[in-house]
Amino acid sequence: MEICSERHRFPFCVVWTPIPVLSWICPLIGHIGIATSKGVIRDFAGSYSVSEDDMAFGWPTFYKQFSPTNVHGGAESWDRAIDEATNVYLERVHNLLCDNCHSFVALALNKMQYGGRTDWNMFKLVLYLNIGGHFVGFGGFLKQYLPALFFFAVIALFFLFY
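Going by the UniProt record's numbering, the first residue of the sequence shown is number 1, and it counts up by one from there.
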């Protein structure tokens, strides 16, 4: 299945969207989710809540498609791992720093043993996502960086004139 950003379908992808205020201060901080083989996005949206097709901070602005051939069992194993991670995180309290949306996606990748690995964590995930990831059009780029640019321009102007 191919990516269809107009319908918000990102099969076998990890997706990213900015978090208002946090991403304005640091554009590398954001909210992520993982999509099933059919492209339906799931994200750990808050304590005891895994959203489906309704990301907590809006539709993705950035994505990286993973290869189902790197999962033993292919699409079925990919989807089963996402279901298992969902069931775990429906019982978890959200913590901004250490048990969050990144941890949810990392757990899914660990459960499917993506790439033969079980050591996925938020840092490896962000690094992997940013190597070879793609913006959802020019609008995705603007949504990620324009607020930060504006934020830092206002601060620069403040210090320049005061």
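The C-beta atom is built at its ideal place from N, Cα and C for all residues, glycine as well.
Residues of the same chain with a CB within less than 6 Å of the CB of residue 77, apart from the 5 flanking positions on each side, are 71 and 112 in chain order. The criterion of a C-beta distance shorter than 8 Å is satisfied by residue 101 and residue 31. Taking all protein chains in view, the Cβ of residue 55 is crowded by 16 or more other Cβ atoms within 10 Å, so the residue is classified as buried. Residue 27 is positioned such that its CB atom lies no closer than 8 Å to that of residue 106. Annotation: the continuous alpha helix (DSSP H) that includes residue 126 extends over 122-130. Of the residues assessed, residue 119 falls on the exposed side of the cut-off, its CB having fewer than 16 other CB atoms within 10 angstroms. A contact between stretches requires three or more CB pairs, one per stretch, nearer than 8 Å, and the region 40-47 meets this requirement with the region 82-101.
Taking 8 Å as the cut-off, the beta carbon of residue 65 is found no closer than this to the beta carbon of residue 4. For residue 18, the enclosing beta strand (DSSP E) covers residues 13-18.
Excluding residues up to 5 positions away in sequence, 29, 30, 144, 147 and 148 lie with their Cβ nearer than 8 Å to the Cβ of residue 23 in the same chain.
Residue pairing of residue 41 in beta bridges, as defined by DSSP: 35.
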